[in-house]
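See structure below.
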Amino acid sequence: MKSRTPLTSEIEIWKYTSHSELKDTSPGRTSSMTKGRKTTWEERIHIVQACLENGKAYQETASTYHVSYQQVYQWVKKYENGGEEALKDKRGSKKEEALLTPEEKIQLQMKKLERENERLRAENVFLKKLEEVERRRN
Numbered sequence: 001m002k003s004r005t006p007l008t009s010e011i012e013i014w015k016y017t018s019h020s021e022l023k024d025t026s027p028g029r030t031s032s033m034t035k036g037r038k039t040t041w042e043e044r045i046h047i048v049q050a051c052l053e054n055g056k057a058y059q060e061t062a063s064t065y066h067v068s069y070q071q072v073y074q075w076v077k078k079y080e081n082g083g084e085e086a087l088k089d090k091r092g093s094k095k096e097e098a099l100l101t102p103e104e105k106i107q108l109q110m111k112k113l114e115r116e117n118e119r120l121r122a123e124n125v126f127l128k129k130l131e132e133v134e135r136r137r138n
């Protein structure tokens with residue numbers, strides 16, 4: 001016979017919350033976990049400068065510009081360490097070939113050759129299979 005009592009973990013949750021509704025923040029506080037949004041480089045510079053003008057009021061700046069507290073904090077930190085250039089999003093971009101060291105150029109060339117070699121191997125296997133199928137047909 002199955003028991004109709006709630007699971008032990010559910011009972012523990014009821015005890016912990018005293019059957020009250022859970023709230024994400026306490027009264028008078030705002031959430032710092034807002035969903036971020038995409039921003040341009042110029043916009044990030046403007047947001048950081050506004051934050052610094054307000055005495056590093058991260059939460060206020062985040063609310064004003066509808067970005068997360070954490071993002072404003074990181075941008076200010078990057079700005080202080082590396083200036084405006086540090087605020088550029090460099091994810092997914094490759095170095096220009098002129099800026100590569102000789103070792104990096106050699107590694108890049110090796111990777112290109114390895115990819116080409118792998119493609120040719122796959123093509124060779126495919127052609128062998130095709131030849132086999134045609135031979136069996138005739």
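Numbering (full-length UniProt numbering), first residue to last: 1 to 138. We put the beta carbon where it would ideally sit given N, CA and C, even for glycine.
Boundaries of the alpha helix (DSSP H) in which residue i is found, first to last residue
| i | result |
| --- | --- |
| residue 64 | 58–65 |
| residue 114 | 102–137 |
| residue 81 | 69–82 |
| residue 43 | 41–53 |
With 16 other Cβ atoms within 10 Å as the buried cut-off, status of residue i
| i | result |
| --- | --- |
| residue 125 | exposed |
| residue 67 | buried |
| residue 61 | buried |
| residue 106 | exposed |
| residue 133 | exposed |
Presumed contact (8 Å Cβ cut-off) between residue i and residue j, rounded CB distance
| i | j | result |
| --- | --- | --- |
| residue 41 | residue 88 | 5 Å |
| residue 108 | residue 100 | 7 Å |
Distance between residue j and residue i (C-alpha atoms, nearest Å)
| i | j | result |
| --- | --- | --- |
| residue 44 | residue 102 | 35 Å |
| residue 72 | residue 90 | 17 Å |
| residue 120 | residue 49 | 53 Å |
| residue 75 | residue 59 | 13 Å |
| residue 51 | residue 97 | 37 Å |
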